[in-house]
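S.K.: Residue 82 in full-length UniProt numbering is what sits at position 82 of the sequence shown, and the numbering runs on without skipping anything. For each residue, glycine too, the CB sits at the ideal point set by N, CA and C.
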Amino acid sequence: DLLRSNSSRLLLASGDGMDFQALLVDEDRAWLMVGAKNHIFLLHLDHPSREPEKIFWPAPKEQVEHCQLAGKNVETECANFIRLLQPFNSSHVFACGTGSYPPPGLTSPLWGPGAPTMRLVTHSLESGRGRCPYSPREPFTGLLIDGELYSGTSSDFMGSSAAFFRTWVHGAEQSYIRTEQNQDHWLHEPTFVGAYAIPDTYNPHDDKVYVFFRETAMEAGQWERRHIHARVARVCKVSELGSGWPLAVPKGFLSPSGSHAPLRGWQQAAWAQGMGTEAPVPRTDTDSPRAPSSGVFSGSAVCCGYSMAAVRAAFSGPFAHKEGFDYRWVEYKGRVPYPRPGTCPSETYDPLLHSTKDFPDEVISFMRTHQLMWEPVYPQGHQPVLVRVNVPYRLRR
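Now the structure itself:
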(Lines of atoms letter the chains of each structure in order from A; the text may use other names.)
(Lines give C-alpha, C1' and ligand atoms only; values in the text may rest on other atoms or scores of the structure.)
Protein backbone atom coordinates (compact mmCIF):
# COMPACT_ATOMS: atom_id res chain seq x y z
CA ASP A 1 0.00 0.00 0.00
CA LEU A 2 2.82 2.41 0.83
CA LEU A 3 4.52 1.71 -2.48
CA ARG A 4 1.31 2.23 -4.42
CA SER A 5 0.68 5.55 -2.68
CA ASN A 6 4.14 6.82 -3.72
CA SER A 7 4.89 7.68 -0.08
CA SER A 8 7.74 5.21 0.15
CA ARG A 9 10.36 3.52 -1.96
CA LEU A 10 11.99 0.13 -1.72
CA LEU A 11 15.69 0.91 -1.52
CA LEU A 12 17.09 -2.32 -0.10
CA ALA A 13 15.70 -5.82 -0.25
CA SER A 14 16.39 -8.36 2.49
CA GLY A 15 16.25 -11.09 -0.13
CA ASP A 16 19.56 -9.88 -1.53
CA GLY A 17 21.39 -11.71 1.26
CA MET A 18 22.44 -8.46 2.92
CA ASP A 19 21.26 -9.60 6.36
CA PHE A 20 20.32 -6.22 7.86
CA GLN A 21 20.90 -6.21 11.62
CA ALA A 22 21.88 -2.73 12.85
CA LEU A 23 19.90 0.49 12.47
CA LEU A 24 20.73 4.05 13.52
CA VAL A 25 18.42 6.97 12.76
CA ASP A 26 19.08 10.71 13.05
CA GLU A 27 15.79 12.58 12.80
CA ASP A 28 17.42 16.03 12.88
CA ARG A 29 19.59 15.27 9.87
CA ALA A 30 16.97 13.00 8.29
CA TRP A 31 19.11 9.96 7.63
CA LEU A 32 19.01 6.29 8.49
CA MET A 33 22.16 4.20 8.71
CA VAL A 34 21.79 0.47 8.10
CA GLY A 35 24.36 -2.19 8.96
CA ALA A 36 24.37 -5.25 6.73
CA LYS A 37 26.62 -8.02 5.45
CA ASN A 38 29.91 -6.41 4.38
CA HIS A 39 28.13 -3.07 3.88
CA ILE A 40 26.95 0.05 5.67
CA PHE A 41 24.18 2.05 3.97
CA LEU A 42 23.12 5.66 4.52
CA LEU A 43 19.54 6.43 3.51
CA HIS A 44 18.31 10.02 3.15
CA LEU A 45 14.85 10.15 4.67
CA ASP A 46 13.94 13.58 3.29
CA HIS A 47 14.82 12.51 -0.26
CA PRO A 48 13.35 9.00 -0.75
CA SER A 49 14.19 9.04 -4.46
CA ARG A 50 17.87 9.55 -3.77
CA GLU A 51 20.05 6.49 -4.01
CA PRO A 52 21.46 5.42 -0.64
CA GLU A 53 25.14 5.91 -0.02
CA LYS A 54 27.05 2.79 0.82
CA ILE A 55 30.49 1.67 1.84
CA PHE A 56 31.96 -1.76 1.32
CA TRP A 57 33.60 -3.15 4.46
CA PRO A 58 34.43 -6.83 3.93
CA ALA A 59 36.32 -9.12 6.25
CA PRO A 60 39.99 -9.66 5.37
CA LYS A 61 40.57 -12.63 3.08
CA GLU A 62 42.74 -14.46 5.61
CA GLN A 63 40.03 -14.17 8.26
CA VAL A 64 37.43 -15.56 5.85
CA GLU A 65 39.71 -18.52 5.15
CA HIS A 66 40.29 -19.07 8.87
CA CYS A 67 36.53 -18.94 9.43
CA GLN A 68 35.96 -21.62 6.78
CA LEU A 69 38.67 -23.84 8.25
CA ALA A 70 36.86 -23.59 11.59
CA GLY A 71 33.79 -25.16 9.98
CA LYS A 72 31.71 -22.01 9.57
CA ASN A 73 29.40 -21.37 6.61
CA VAL A 74 31.02 -19.06 4.06
CA GLU A 75 27.74 -17.34 3.14
CA THR A 76 26.01 -16.98 6.50
CA GLU A 77 28.93 -16.72 8.94
CA CYS A 78 32.22 -15.96 7.19
CA ALA A 79 31.72 -12.28 6.42
CA ASN A 80 31.71 -8.96 8.21
CA PHE A 81 28.16 -8.64 9.53
CA ILE A 82 27.65 -5.15 10.97
CA ARG A 83 26.09 -5.73 14.40
CA LEU A 84 26.38 -2.34 16.08
CA LEU A 85 25.98 1.30 15.03
CA GLN A 86 26.20 3.96 17.74
CA PRO A 87 26.61 7.76 17.54
CA PHE A 88 30.13 8.75 18.63
CA ASN A 89 29.92 12.53 18.22
CA SER A 90 28.32 15.08 15.88
CA SER A 91 30.29 13.82 12.88
CA HIS A 92 31.22 10.21 13.59
CA VAL A 93 29.50 6.90 14.16
CA PHE A 94 31.01 3.87 15.87
CA ALA A 95 30.48 0.64 13.96
CA CYS A 96 31.30 -2.90 15.01
CA GLY A 97 31.09 -6.01 12.85
CA THR A 98 31.74 -9.71 13.23
CA GLY A 99 34.72 -9.49 10.89
CA SER A 100 34.45 -13.17 9.97
CA TYR A 101 35.76 -14.04 13.48
CA PRO A 102 37.12 -12.03 15.27
CA PRO A 103 35.13 -8.77 15.20
CA PRO A 104 36.66 -5.41 14.25
CA GLY A 105 35.40 -2.04 15.45
CA LEU A 106 35.91 1.44 14.07
CA THR A 107 34.53 4.96 13.95
CA SER A 108 33.18 6.21 10.65
CA PRO A 109 32.58 9.88 9.74
CA LEU A 110 29.16 10.62 8.31
CA TRP A 111 29.28 14.09 6.91
CA GLY A 112 31.60 17.00 6.23
CA PRO A 113 31.13 20.73 5.74
CA GLY A 114 29.05 20.12 2.63
CA ALA A 115 26.46 17.49 1.84
CA PRO A 116 26.42 14.36 3.98
CA THR A 117 28.97 11.80 2.96
CA MET A 118 30.14 8.54 4.42
CA ARG A 119 33.52 6.88 4.47
CA LEU A 120 35.54 4.57 6.66
CA VAL A 121 38.34 5.82 8.87
CA THR A 122 40.65 2.89 8.37
CA HIS A 123 43.37 4.22 10.68
CA SER A 124 40.92 4.08 13.59
CA LEU A 125 40.26 0.36 13.19
CA GLU A 126 40.27 -1.30 16.61
CA SER A 127 39.55 -4.73 17.98
CA GLY A 128 35.85 -5.38 18.44
CA ARG A 129 36.37 -8.06 21.05
CA GLY A 130 34.16 -7.33 24.04
CA ARG A 131 32.21 -4.82 21.96
CA CYS A 132 30.17 -7.02 19.66
CA PRO A 133 30.00 -10.81 19.22
CA TYR A 134 31.92 -13.02 16.85
CA SER A 135 28.73 -14.58 15.53
CA PRO A 136 26.16 -12.82 13.31
CA ARG A 137 23.36 -14.65 15.15
CA GLU A 138 24.28 -14.22 18.81
CA PRO A 139 22.04 -11.79 20.74
CA PHE A 140 23.90 -8.92 22.40
CA THR A 141 23.50 -5.29 23.39
CA GLY A 142 25.63 -2.17 23.04
CA LEU A 143 25.33 1.45 24.15
CA LEU A 144 27.88 4.22 23.49
CA ILE A 145 27.84 7.17 25.91
CA ASP A 146 30.49 9.88 26.35
CA GLY A 147 33.09 7.87 24.47
CA GLU A 148 32.50 4.71 26.50
CA LEU A 149 30.84 1.62 25.10
CA TYR A 150 28.72 -0.54 27.41
CA SER A 151 28.18 -3.94 25.83
CA GLY A 152 26.84 -7.31 26.85
CA THR A 153 28.35 -9.94 24.60
CA SER A 154 30.52 -13.03 24.43
CA SER A 155 34.26 -12.54 24.21
CA ASP A 156 35.42 -15.78 22.63
CA PHE A 157 35.14 -17.66 19.34
CA MET A 158 32.74 -20.28 20.70
CA GLY A 159 30.41 -17.71 22.27
CA SER A 160 30.64 -19.44 25.65
CA SER A 161 32.22 -16.67 27.74
CA ALA A 162 29.64 -13.88 28.05
CA ALA A 163 30.19 -10.75 30.11
CA PHE A 164 29.19 -7.13 30.42
CA PHE A 165 31.96 -4.77 29.31
CA ARG A 166 32.77 -1.10 29.48
CA THR A 167 35.41 -0.16 26.93
CA TRP A 168 36.88 3.18 25.99
CA VAL A 169 36.50 3.95 22.30
CA HIS A 170 39.80 5.32 20.96
CA GLY A 171 41.30 4.88 24.40
CA ALA A 172 44.34 2.98 25.53
CA GLU A 173 44.90 -0.45 24.04
CA GLN A 174 42.85 -3.10 25.84
CA SER A 175 41.42 -0.43 28.13
CA TYR A 176 38.27 -2.00 29.51
CA ILE A 177 36.56 -3.33 32.60
CA ARG A 178 34.21 -6.28 32.71
CA THR A 179 32.25 -8.55 34.98
CA GLU A 180 34.38 -11.22 36.59
CA GLN A 181 35.06 -14.39 34.62
CA ASN A 182 33.85 -17.86 35.60
CA GLN A 183 31.42 -16.53 38.20
CA ASP A 184 28.09 -18.23 37.48
CA HIS A 185 26.37 -16.45 40.35
CA TRP A 186 27.04 -13.16 38.54
CA LEU A 187 26.09 -14.19 35.02
CA HIS A 188 24.96 -17.71 34.16
CA GLU A 189 24.48 -18.39 30.45
CA PRO A 190 23.20 -14.84 29.86
CA THR A 191 21.46 -13.59 26.73
CA PHE A 192 21.69 -9.81 26.59
CA VAL A 193 18.70 -7.84 25.37
CA GLY A 194 19.18 -4.11 25.85
CA ALA A 195 21.08 -1.38 27.72
CA TYR A 196 19.81 2.12 28.53
CA ALA A 197 21.27 5.12 30.35
CA ILE A 198 18.68 6.31 32.87
CA PRO A 199 19.11 9.12 35.41
CA ASP A 200 18.34 8.26 39.02
CA THR A 201 18.63 11.75 40.54
CA TYR A 202 19.31 15.26 39.33
CA ASN A 203 23.02 14.70 39.91
CA PRO A 204 24.60 13.21 36.73
CA HIS A 205 27.12 11.35 38.90
CA ASP A 206 24.23 9.16 40.05
CA ASP A 207 23.32 8.12 36.51
CA LYS A 208 23.28 4.41 35.82
CA VAL A 209 23.18 2.12 32.83
CA TYR A 210 20.40 -0.45 33.18
CA VAL A 211 21.06 -3.78 31.48
CA PHE A 212 18.22 -6.12 30.50
CA PHE A 213 19.02 -9.77 29.89
CA ARG A 214 17.86 -13.29 30.60
CA GLU A 215 19.84 -16.09 32.16
CA THR A 216 19.55 -19.55 33.66
CA ALA A 217 18.56 -18.83 37.24
CA MET A 218 20.81 -20.13 40.01
CA GLU A 219 18.13 -19.85 42.69
CA ALA A 220 16.95 -23.45 42.24
CA GLY A 221 18.21 -26.17 44.56
CA GLN A 222 20.82 -28.70 43.54
CA TRP A 223 18.28 -31.23 42.26
CA GLU A 224 15.60 -28.79 41.11
CA ARG A 225 14.95 -27.80 37.53
CA ARG A 226 16.44 -24.45 36.63
CA HIS A 227 14.42 -21.90 34.69
CA ILE A 228 15.20 -18.99 32.42
CA HIS A 229 14.57 -15.70 34.22
CA ALA A 230 14.40 -12.18 32.83
CA ARG A 231 16.79 -9.89 34.70
CA VAL A 232 17.66 -6.25 35.05
CA ALA A 233 21.03 -5.13 36.41
CA ARG A 234 22.59 -1.71 36.69
CA VAL A 235 26.07 -0.20 36.71
CA CYS A 236 27.27 3.27 37.61
CA LYS A 237 27.90 5.41 34.58
CA VAL A 238 30.59 7.44 36.35
CA SER A 239 33.04 5.18 38.13
CA GLU A 240 36.69 4.20 38.26
CA LEU A 241 37.53 0.57 38.72
CA GLY A 242 40.47 -1.72 38.57
CA SER A 243 40.17 -5.33 37.52
CA GLY A 244 36.73 -6.83 37.49
CA TRP A 245 33.48 -4.89 37.77
CA PRO A 246 31.79 -5.32 41.14
CA LEU A 247 29.32 -2.57 40.22
CA ALA A 248 27.62 -4.98 37.82
CA VAL A 249 25.47 -5.94 40.79
CA PRO A 250 22.87 -6.13 42.02
CA LYS A 251 20.40 -7.67 39.62
CA GLY A 252 16.67 -8.09 39.93
CA PHE A 253 14.13 -10.56 38.58
CA LEU A 254 11.51 -9.23 36.14
CA SER A 255 8.43 -11.32 36.81
CA PRO A 256 6.01 -11.54 33.85
CA SER A 257 2.94 -11.85 36.10
CA GLY A 258 1.78 -11.49 39.67
CA SER A 259 3.66 -14.61 40.66
CA HIS A 260 7.31 -15.65 40.72
CA ALA A 261 6.74 -18.17 37.93
CA PRO A 262 8.94 -17.51 34.87
CA LEU A 263 7.81 -17.78 31.27
CA ARG A 264 9.45 -20.93 30.00
CA GLY A 265 11.20 -20.61 26.67
CA TRP A 266 10.96 -16.83 26.88
CA GLN A 267 12.78 -14.99 24.11
CA GLN A 268 13.02 -11.45 25.35
CA ALA A 269 13.24 -8.07 23.70
CA ALA A 270 13.32 -4.77 25.54
CA TRP A 271 12.96 -1.14 24.75
CA ALA A 272 12.86 2.01 26.82
CA GLN A 273 10.17 4.65 26.65
CA GLY A 274 10.65 8.15 28.02
CA MET A 275 14.10 7.41 29.42
CA GLY A 276 16.17 10.28 28.01
CA THR A 277 19.32 10.97 29.97
CA GLU A 278 18.34 14.62 30.35
CA ALA A 279 14.75 14.01 31.40
CA PRO A 280 13.78 14.95 34.95
CA VAL A 281 13.45 12.00 37.27
CA PRO A 282 9.80 11.28 38.19
CA ARG A 283 9.02 10.69 41.84
CA THR A 284 5.80 8.66 41.66
CA ASP A 285 4.75 5.39 40.09
CA THR A 286 2.05 7.21 38.14
CA ASP A 287 4.49 9.59 36.49
CA SER A 288 7.36 7.15 36.10
CA PRO A 289 8.55 6.15 32.65
CA ARG A 290 7.98 2.54 31.86
CA ALA A 291 10.49 -0.06 30.85
CA PRO A 292 8.46 -2.32 28.57
CA SER A 293 9.72 -5.81 27.96
CA SER A 294 8.37 -8.30 25.50
CA GLY A 295 8.85 -12.00 25.08
CA VAL A 296 7.98 -14.84 22.79
CA PHE A 297 7.23 -18.45 23.58
CA SER A 298 6.20 -21.15 21.11
CA GLY A 299 3.57 -19.62 18.81
CA SER A 300 2.68 -16.84 21.24
CA ALA A 301 3.78 -13.34 22.20
CA VAL A 302 3.48 -11.38 25.41
CA CYS A 303 4.41 -7.81 26.32
CA CYS A 304 4.79 -6.45 29.86
CA GLY A 305 5.35 -2.90 31.08
CA TYR A 306 7.52 -2.25 34.14
CA SER A 307 7.63 1.00 36.09
CA MET A 308 11.12 2.36 36.68
CA ALA A 309 9.94 3.32 40.16
CA ALA A 310 9.27 -0.38 40.83
CA VAL A 311 12.68 -1.31 39.43
CA ARG A 312 14.41 1.24 41.67
CA ALA A 313 12.37 0.05 44.65
CA ALA A 314 13.60 -3.51 44.12
CA PHE A 315 17.21 -2.30 44.04
CA SER A 316 16.59 -0.34 47.25
CA GLY A 317 15.00 -3.35 48.93
CA PRO A 318 16.50 -6.38 50.69
CA PHE A 319 19.23 -8.52 49.18
CA ALA A 320 18.95 -12.25 48.60
CA HIS A 321 21.30 -14.37 50.68
CA LYS A 322 22.61 -17.93 50.52
CA GLU A 323 24.67 -19.20 53.42
CA GLY A 324 26.34 -22.04 51.55
CA PHE A 325 26.13 -24.57 48.75
CA ASP A 326 23.49 -26.77 50.39
CA TYR A 327 21.42 -23.86 51.70
CA ARG A 328 18.40 -22.19 50.13
CA TRP A 329 18.12 -18.55 49.15
CA VAL A 330 16.53 -16.36 51.83
CA GLU A 331 16.03 -12.68 52.48
CA TYR A 332 19.17 -11.09 53.93
CA LYS A 333 18.43 -9.59 57.35
CA GLY A 334 21.94 -8.73 58.48
CA ARG A 335 23.77 -5.42 58.43
CA VAL A 336 24.29 -3.86 55.01
CA PRO A 337 27.64 -2.03 54.80
CA TYR A 338 27.97 1.68 54.03
CA PRO A 339 27.75 2.98 51.40
CA ARG A 340 24.97 0.66 50.32
CA PRO A 341 26.14 -1.66 47.50
CA GLY A 342 24.90 -0.33 44.18
CA THR A 343 25.30 3.31 45.26
CA CYS A 344 27.34 5.43 42.88
CA PRO A 345 30.11 7.61 44.36
CA SER A 346 28.75 11.18 44.35
CA GLU A 347 28.10 14.09 46.66
CA THR A 348 24.43 13.09 46.74
CA TYR A 349 25.26 10.37 49.27
CA ASP A 350 28.75 11.16 50.55
CA PRO A 351 31.00 14.03 49.35
CA LEU A 352 34.07 12.14 50.58
CA LEU A 353 33.54 9.30 48.09
CA HIS A 354 34.94 10.37 44.73
CA SER A 355 35.41 6.93 43.22
CA THR A 356 34.46 3.32 43.80
CA LYS A 357 38.12 2.88 44.76
CA ASP A 358 37.23 4.80 47.93
CA PHE A 359 34.68 2.17 48.96
CA PRO A 360 35.62 0.13 52.06
CA ASP A 361 36.69 -3.47 51.50
CA GLU A 362 33.58 -4.76 53.27
CA VAL A 363 31.39 -3.11 50.61
CA ILE A 364 33.23 -4.86 47.79
CA SER A 365 33.16 -8.16 49.69
CA PHE A 366 29.42 -7.84 50.30
CA MET A 367 28.78 -7.08 46.63
CA ARG A 368 30.63 -10.19 45.53
CA THR A 369 28.38 -12.46 47.60
CA HIS A 370 25.06 -10.58 47.37
CA GLN A 371 24.51 -9.98 43.70
CA LEU A 372 20.79 -10.74 43.70
CA MET A 373 17.87 -8.74 45.06
CA TRP A 374 15.18 -10.53 47.06
CA GLU A 375 12.05 -8.83 45.75
CA PRO A 376 11.02 -9.43 42.12
CA VAL A 377 9.81 -6.59 39.91
CA TYR A 378 6.20 -7.10 38.87
CA PRO A 379 4.71 -5.56 35.73
CA GLN A 380 2.21 -2.77 35.97
CA GLY A 381 -1.20 -4.23 36.71
CA HIS A 382 0.52 -7.53 37.69
CA GLN A 383 -0.23 -8.89 34.23
CA PRO A 384 0.94 -8.50 30.62
CA VAL A 385 -0.47 -5.58 28.63
CA LEU A 386 -0.49 -7.65 25.45
CA VAL A 387 -0.93 -11.38 24.85
CA ARG A 388 -1.13 -12.99 21.42
CA VAL A 389 -1.35 -16.71 20.71
CA ASN A 390 -0.69 -18.65 17.51
CA VAL A 391 1.10 -15.76 15.80
CA PRO A 392 3.92 -16.22 13.26
CA TYR A 393 5.97 -13.22 14.40
CA ARG A 394 8.28 -12.15 17.19
CA LEU A 395 8.15 -8.90 19.11
CA ARG A 396 11.29 -6.89 18.55
CA ARG A 397 12.62 -3.76 20.18
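So is ASN80 buried or exposed if we call it buried at 16+ other beta carbons inside 10 Å?
M.R.: buried
S.K.: Which of the three DSSP states is assigned to THR122 in this structure?
M.R.: Assigned with DSSP and collapsed to three states, THR122 falls in helix.
S.K.: Expressed to the nearest angstrom, what Euclidean distance is found between the alpha-carbon atoms of GLY35 and PHE56?
M.R.: 11 Å
S.K.: Cutting at 6 Å between CB atoms, please list the residues of its own chain near GLN86, excluding the five before and the five after it.
M.R.: PHE94, LEU144
S.K.: In this structure, does DSSP put CYS132 in helix, strand or coil?
M.R.: Of the three classes helix, strand and coil, the one that applies to CYS132 here is coil, per DSSP.
S.K.: Please name the residue, chosen from HIS66, LEU187, ALA230, MET308, that lies closest to LEU254 on a Cα-to-Cα basis.
M.R.: ALA230
S.K.: Leaving out five residues before and five after VAL391 in sequence, what residues of the same chain have Cβ atoms less than 6 Å from its Cβ?
M.R.: ALA301
S.K.: When we look at the beta-carbon of GLU215 and count the other beta-carbons within 10 Å, is it buried (16 or more) or exposed?
M.R.: Counting the other CB atoms within 10 Å of its CB gives GLU215 a total of 16 or more, which places it among the buried residues.
S.K.: At what residue ranges does the region 337-390 contain a whole run of the alpha helix (DSSP H), taking only runs of 4 or more?
M.R.: 361-369
S.K.: By Cβ distance below 8 Å, which residues in the same chain neighbour VAL363 in space, the five residues on each side in sequence not counted?
M.R.: The answer, listed in chain order, is PRO337, TYR338, PRO339, PRO341.
S.K.: Could you give the distance in angstroms between the alpha-carbon of ASP28 and the alpha-carbon of HIS44?
M.R.: 11 Å
S.K.: Tell whether a beta-carbon distance below 8 Å holds between HIS321 and HIS354.
M.R.: no
S.K.: Would the beta-carbon of THR179 fall within 8 Å of that of ALA195?
M.R.: no
S.K.: Which one or two residues does DSSP pair with THR141 in a beta bridge?
M.R.: BP columns for THR141 point to GLY152.
S.K.: How about CYS304 and LEU395: are their beta carbons less than 8 Å apart?
M.R.: no
S.K.: Using a 10 Å radius around the Cβ and a threshold of 16 neighbouring Cβ atoms, would you call GLU51 buried or exposed?
M.R.: exposed
S.K.: Classify SER316 as buried or exposed, calling it buried when 16 or more other Cβ atoms lie within 10 Å of its own Cβ.
M.R.: exposed
S.K.: For SER151 versus SER160, is the C-beta spacing smaller than 8 Å?
M.R.: no
S.K.: Since ALA197 and LYS237 are thought to touch, with beta carbons under 8 Å apart, how far apart are those beta carbons, to the nearest angstrom?
M.R.: Taking a contact as a CB-CB distance under 8 Å, the pair ALA197 and LYS237 counts as one, their CB atoms being some 6 Å apart.
S.K.: Candidates GLY99, PRO139, THR167, LEU120: which alpha carbon is nearest GLY130's?
M.R.: Measuring from the Cα of GLY130, the nearest candidate turns out to be THR167.
S.K.: What are the partner residues of ARG178, as DSSP defines its beta bridges?
M.R.: PHE165
S.K.: Just checking my contact of MET18 with LEU24 at CB under 8 Å: how many whole Å lie between their CB atoms?
M.R.: The Cβ separation is near 16 Å, so there is no contact.
S.K.: In this structure, how does DSSP classify HIS92 when only helix, strand and coil are distinguished?
M.R.: strand
S.K.: From the DSSP output, which residues share a beta bridge with LYS61?
M.R.: In the DSSP output, where bridge partners are listed per residue, LYS61 has none listed.
S.K.: So CYS96 and GLY128 are supposed to be a Cβ contact under 8 Å. How far apart are they, rounded?
M.R.: 5 Å
S.K.: Could you round the C-beta distance between THR98 and SER124 to whole angstroms and report it? I think they count as a contact, below 8 Å.
M.R.: Taking C-beta atoms under 8 Å as the contact rule, THR98 and SER124 fail to qualify, at a distance of about 18 Å.
S.K.: Does DSSP classify ALA310 as helix, strand or coil?
M.R.: helix
S.K.: Using CA atoms only, rank isn't needed, just tell me which of VAL232, SER100, GLY324 is closest to THR191.
M.R.: VAL232
S.K.: Quick test of the definition: if touching needs 3 or more C-beta pairs under 8 Å, does the region 377-384 touch the region 343-361?
M.R.: no
S.K.: Which residues share a DSSP beta bridge with TYR332?
M.R.: BP columns for TYR332 are empty, so no partner.
S.K.: Is it buried or exposed, ASP207, if we count other Cβ atoms within 10 angstroms and call 16 or more buried?
M.R.: buried
S.K.: May I ask you to report which of helix, strand or coil DSSP gives GLN86?
M.R.: Strand.
S.K.: What separation, rounded to the nearest whole angstrom, lies between the Cα atoms of SER307 and HIS47?
M.R.: 39 Å
S.K.: Could you check whether CYS67 and TYR101 sit closer than 8 Å to each other, using their CB atoms as the reference points?
M.R.: yes
S.K.: LEU395 by DSSP, collapsed to three states: which one?
M.R.: coil
S.K.: Rounded to whole angstroms, what's the CA-CA distance from TYR210 to GLY71? Just pull it up for me.
M.R.: 36 Å
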